[in-house]
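Some notes on the structure that comes next.
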Amino acid sequence: MQISSELRSAVQESNIGNVGSNPMWKAAGLTYDVHMSDCEDRWVALYHKPEDHDYTYGFVYIDPQAGFTLHFFGRFTIDVDGNYHAAPNPLPPDKYSLKIRLDQNGIAALLPPRGLAQLGLPGKPDWLSFYEDKSDSVTHKVNWGSFYNGIGDSRRAIIYLESAYKERPDAPKLVFELVYAFNALERPEDAIRVSKSEFAKNPKDELLCREMAFAYLHLKSYKEAATQYQACIELCADSESQMAEKSELAMNLSSAYKALADTPNSEAWLEKAKRWAPKGSPVYRYFHPGEE
Numbered sequence: 002m003q004i005s006s007e008l009r010s011a012v013q014e015s016n017i018g019n020v021g022s023n024p025m026w027k028a029a030g031l032t033y034d035v036h037m038s039d040c041e042d043r044w045v046a047l048y049h050k051p052e053d054h055d056y057t058y059g060f061v062y063i064d065p066q067a068g069f070t071l072h073f074f075g076r077f078t079i080d081v082d083g084n085y086h087a088a089p090n091p092l093p094p095d096k097y098s099l100k101i102r103l104d105q106n107g108i109a110a111l112l113p114p115r116g117l118a119q120l121g122l123p124g125k126p127d128w129l130s131f132y133e134d135k136s137d138s139v140t141h142k143v144n145w146g147s148f149y150n151g152i153g154d155s156r157r158a159i160i161y162l163e164s165a166y167k168e169r170p171d172a173p174k175l176v177f178e179l180v181y182a183f184n185a186l187e188r189p190e191d192a193i194r195v196s197k198s199e200f201a202k203n204p205k206d207e208l209l210c211r212e213m214a215f216a217y218l219h220l221k222s223y224k225e226a227a228t229q230y231q232a233c234i235e236l237c238a239d240s241e242s243q244m245a246e247k248s249e250l251a252m253n254l255s256s257a258y259k260a261l262a263d264t265p266n267s268e269a270w271l272e273k274a275k276r277w278a279p280k281g282s283p284v285y286r287y288f289h290p291g292e293e
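Here it is, written out as structure tokens:
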């Protein structure tokens with residue numbers, strides 16, 4: 002469906018610098034200065050190309066099962082006075098419902114009160130109550146932290162996750178999500194502080210292992226990073242997806258040995274990374290830059 006592909010393209014545009022400016026936007030109170038993670042439970046206008054006549058809008062919310070979601074509602078135009086006018090909808094809401102799961106933190110503009118009033122929109126749609134999270138407080142915070150991590154906003158994720166950690170540090174998934182957020186926010190000391198005891202209890206947790214190794218590498222604790230990366234590699238299976246991960250881990254392990262001035266080990270692991278990388282994987286493309 003063409004509209005679906007157009008929407009997906011619009012919600013994935015993440016460079017605010019690509020938006021440009023339009024004098025009608027100021028008159029309409031429309032500013033493309035937020036990302037999807039800023040828009041939970043808000044009406045938004047999607048990225049608008051200069052050549053586009055209509056504006057596409059929808060409602061952003063978090064589905065407790067699926068994460069950040071955009072519910073497409075329709076299109077509008079703006080006149081020279083900054084007034085909003087409904088435009089023909091290719092998917093009439095009484096006949097179709099189109100939702101886009103958001104896995105990238107695209108840019109958007111919040112619809113101002115004038116836009117909501119002139120388009121006849123409520124503050125929040127009635128159906129939003131069906132997506133109320135009924136889990137307990139800690140589980141809610143872990144899940145919301147995970148959703149914010151997943152869309153690329155660990156700055157917001159950490160608020161939920163640190164609060165959950167204070168209440169119940171042994172909550173499922175919590176330590177990994179918190180360590181991931183710490184690493185994304187360049188707080189490797191905190192990542193190690195939280196993850197060491199958890200990994201000692203669960204030494205086969207591959208995802209946590211990788212986050213610990215990443216933290217050690219960025220702390221320039223290269224000896225510990227090398228040991229941790231080897232532990233991660235041992236946890237990987239030999240499936241194609243796991244071989245891709247192994248090749249990336251081997252690249253990082255090679256970097257750690259290089260920083261330790263251990264050239265033989267650095268070169269040996271670099272060769273393993275090259276050998277393990279499945280065709281088309283990031284590491285394969287690194288070693289074969291000329292191939293399509």
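With this note's numbering applied, the sequence shown corresponds to residues 2 to 293, in that order. For every residue, glycine included, the Cβ atom is placed at its ideal position computed from N, Cα and C.
* What's the C-alpha gap between Y132 and D263? -> 54 Å
* Asked: Does the Cβ-Cβ distance between V349 and L175 come in under 7 Å?
  -> Since the first residue of the chain shown is 2 and the last is 293, residue 349 is not available in this structure.
* To do: Reducing DSSP to helix, strand and coil, say where R169 ends up.
  => coil
* **For D39, three-class secondary structure by DSSP** => Three-state result, D39: helix.
* Asked: Residues in its own chain within less than 7 Å of K247 by CB, not counting five upstream and five downstream?
  -> I234, C237, W277
* To do: Would you kindly work out how many angstroms separate the C-alpha atoms of E178 and R188, rounded to a whole number?
  => The straight-line gap from Cα to Cα measures roughly 13 Å.
* Asked: To which residues of the same chain is V139 closer than 7 Å at the C-beta, ignoring the five residues directly before and after it?
  -> A165, E168, R169, A172
* Can you tell me where the alpha helix (DSSP H) with F215 in it begins and where it stops? -> Element bounds for F215: 207-219.
* Determine the extent of the alpha helix (DSSP H) in which T264 is found, giving its start and end residues. => 264-277
* Would W26 be called buried (16 or more neighbouring beta carbons within 10 Å of its own) or exposed? -> buried
* Asked: Based on the DSSP secondary-structure assignment, which residues constitute the bridge partners of F73?
  -> Among the bridge pairs identified by DSSP, F73 is matched with G59.
* Shortest alpha-carbon distance to N84 belongs to which of L117, H72, C40, Y62? -> For the options L117, H72, C40, Y62, the alpha carbon positioned closest to that of N84 is the one of L117.
* Asked: Going straight from the alpha carbon of V35 to that of L111, what length do you get?
  -> The straight-line gap separating the alpha-carbon atoms of V35 and L111 is approximately 8 Å.
* To do: Just mark D154 as buried or exposed, buried being the case when its beta carbon has 16 or more other beta carbons within 10 Å.
  => buried
* Asked: If you draw a straight line from the alpha carbon of L261 to that of Y223, how long is it in whole angstroms?
  -> 7 Å
* Proximity below 7 Å, CB of S38 to CB of N150 -> no
* Bridge partner(s) assigned by DSSP for A110 -> A46
* **Cβ shell of A232 (< 7 Å), same chain only, five flanking positions each side left out** => Answer for A232: C210, listed in chain order.
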